[in-house]
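Reading through the C-alpha cells given below for one structure.
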Amino acid sequence: MAAAAGMVPPASPPPDKPRRTGGPGTMTWKIILAAALAACLAWTCLFTVDRAEFAYLTILGAHAGTLDGANDAEAGLHLRWPWPIMEIRRIDRRLQVLELPGIEQLTRDAQKDGIDRTLTIDAYMAWRIADSEGVDRLFKAAGGLDEARTLLAQKLGSELGAACGGLQMDDLVNSREPGRVKEQRDKLRSRLMERLSGPALSEYGVRVVDVRLRRVSHPAPVRQAIFDRIIAERERKAAEYQSLGEQESAKLRSDTDREVGTLRAKAEADAIRIRGEGEAEADRVRSGAQMADPEFYSFLRKLEEYQKILGDNRTTLLLSTHRELFDALFAPPRPAPKPVPSP
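Per my numbering, the sequence shown runs over residues 29 to 371.
Structure (C-alpha cells):
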C-alpha cells in the first residue's frame with residue numbers, strides 16, 4: 029500500500045489546440061466572390077438611359093413605362109427588376125434615314141401613246157421618334173422599330189406612286205426645261221410631306237422631317253431602247269447636217285466657179301483689148317519708122333525674116349554669101365541723117 033502510495037501517477041496528455049478553418053487566401057476569395065455577386069446583382073438591377081435614346085420598359089411583357097434620355101430627370105442610372113422579369117428595349121431618338129430602293133412608277137401619259145412613261149425613282153425619308161408617347165404608339169402599332177421601318181417604306185412607296193401618277197414624265201426628267209423639273213419636284217416633295225406627316229405621327233408616333241427624290245431614271249429594260257433611239261436620232265441629225273454641208277459646199281463651189289469664170293472672161297477681154305491696143309501702137313510705131321527711114325525699116329524686116337528662118341537651132345542652111353539675103357550682114361544700111369532744124 030505504501031509502495032502504491034509512493035508511486036507517482038502518470039501525467040495526463042495536454043488538451044488539443046483548436047484547428048484553424050481558414051487563412052488570408054480564403055478570405056480574399058470570399059471577398060472576390062462577394063464582389064462578383066454584388067456586380068452581377070448591380071448589373072441585373074441597374075441600367076442607364078443615354079441622352080440619345082428612349083428606353084421602353086416592359087414587366088412580364090406588359091408596358092411599364094418609357095424613359096426619354098433628353099429629359100434630365102429620366103436620363104442616367106435607374107433601378108430595375110432583373111431579367112426576365114423586366115425587359116428594356118432601346119430606341120435611338122436621333123434623326124434616322126429611311127432609304128427607299130428604286131421602284132418603278134408610272135407617270136401620266138399626255139399623248140396617250142403609252143411609250144416610255146415608266147420611271148425608276150429612288151427616294152429617302154428623314155424621320156425621328158416624336159416623344160415618349162410616340163414610342164408607345166410605335167410599339168403598339170408596329171411591334172418594333174424594324175417593323176415600323178417596313179410600314180413607313182410601304183406608305184412612302186404608295187404615296188409616291190399616287191403622286192407620280194398625276195405628273196408627266198417631262199415633269200421629272202427634262203433636260204430642256206430644268207426650271208420646270210425643279211418646280212415639279214418641289215411640289216412633289218410638299219405633297220409627300222403633307223400626305224405622310226399626319227398619318228405617320230398619329231399612327232406610329234414618327235415625325236417626318238424631310239422627303240426627297242435621290243434619283244430619277246428610266247427602267248433598265250427600257251433604258252437600252254431609249255439609248256438606241258437617241259443614237260438613231262443623233263445619226264439622223266448627223267446625216268441631215270452632212271447633207272446640208274454638202275449642199276452648202278456645192279453652192280460655194282458653184283459660186284466660186286461662176287466668179288472664176290467671170291474673172292477669167294474679164295481678164296481675157298482685157299488681155300485682148302490690151303493686145304489690140306499694143307498691136308495698134310506697134311503698127312503706128314512701125315508706120316512712123318517706115319515713113320521716117322524706109323531703108324532702115326526694110327533692114328529690120330529682113331532681120332525678122334532671119335530670125336524666123338534661123339531661130340530653130342535644128343535647122344542648117346548652106347547658102348552663098350553673094351545672095352541678096354546676106355547683104356544686110358556685110359553692108360548694113362546706115363540710118364538716114366536727121367534733118368537739121370532750121371534756125
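Even for Gly, the Cβ is constructed at its ideal location relative to N, Cα and C.
Predicted, not measured: the structure shown is a model, and the values here were computed from it.
Between the stretch 149–156 and the stretch 240–249 there are three or more C-beta pairs closer than 8 Å, enough to call the two in contact. Linking GLY193 to ILE131 through their CA atoms gives a straight-line distance of about 14 Å. In the three-state reduction of the DSSP assignment, LEU85 falls in the strand class, which pools E and B. Classified as buried, ALA228 has 16 or more neighbouring CB atoms from the shown chains inside 10 Å of its CB. Residue ARG118 holds the alpha-carbon nearest to the alpha-carbon of VAL163 among LEU188, ARG118, ARG262. Residues LEU220, ARG223, LEU224 of the same chain have their beta carbon placed closer than 7 Å to that of GLU187, with the five preceding and five following residues left out of the count. The three-state secondary structure of THR344, taken from DSSP, is coil. In the three-state reduction of the DSSP assignment, GLY289 falls in the helix class. Between GLY233 and LEU179, the C-beta spacing is not below 8 Å. Under the three-state reduction of DSSP output, ILE113 falls in the coil class, being neither helix nor strand. In this structure, GLN124 places its C-beta atom within 8 Å of the C-beta atom of ARG156.
Sorting MET55, PHE82, GLN212, ILE87 by C-alpha distance to the C-alpha of THR94 places PHE82 at the top.
In the three-state reduction of the DSSP assignment, LEU179 falls in the helix class, which pools H, G and I. Counting only the Cα atoms, VAL239 lies some 17 Å from ARG122. Comparing alpha-carbon positions, the option among MET55, ASP298, THR76, ALA90 lying closest to GLU102 turns out to be THR76. Under the 10 Å beta carbon count, TYR84 is surrounded by 16 or more other beta carbons and is classified as buried.
Secondary structure note for ARG242: its beta strand (DSSP E) is the uninterrupted segment 234–245.
Our two residues, ASP174 and ASP199, have alpha carbons roughly 34 Å apart in a direct line. Pairing LEU128 with GLY185 gives a Cβ-Cβ distance under 8 Å. It is roughly 36 Å from the alpha-carbon of TYR325 to the alpha-carbon of LYS294. The DSSP-derived three-state label of THR135 is coil. Taking every protein chain shown into account, the CB of THR284 has fewer than 16 other CB atoms within 10 angstroms, so this residue is exposed.
The Cβ atoms of THR290 and MET197 do not sit closer than 8 Å to each other.
Listed in chain order, the non-local C-beta contacts of SER271 below 8 Å within the same chain number zero, local neighbours out to five positions each way being set aside.
For ALA90, the enclosing beta strand (DSSP E) stretches over residues 90–96. One thing to note: LEU126 has its Cβ no nearer than 8 Å to the Cβ of LEU105.
CA-to-CA, the gap between LEU241 and ASP100 works out to about 38 Å. Looking at the DSSP output, GLN275 sits in no beta bridge, so it has no partner there. Less than 8 Å divides the Cβ of PRO110 from the Cβ of THR72.
A Cβ-Cβ contact shorter than 8 Å links SER160 with ASP96.
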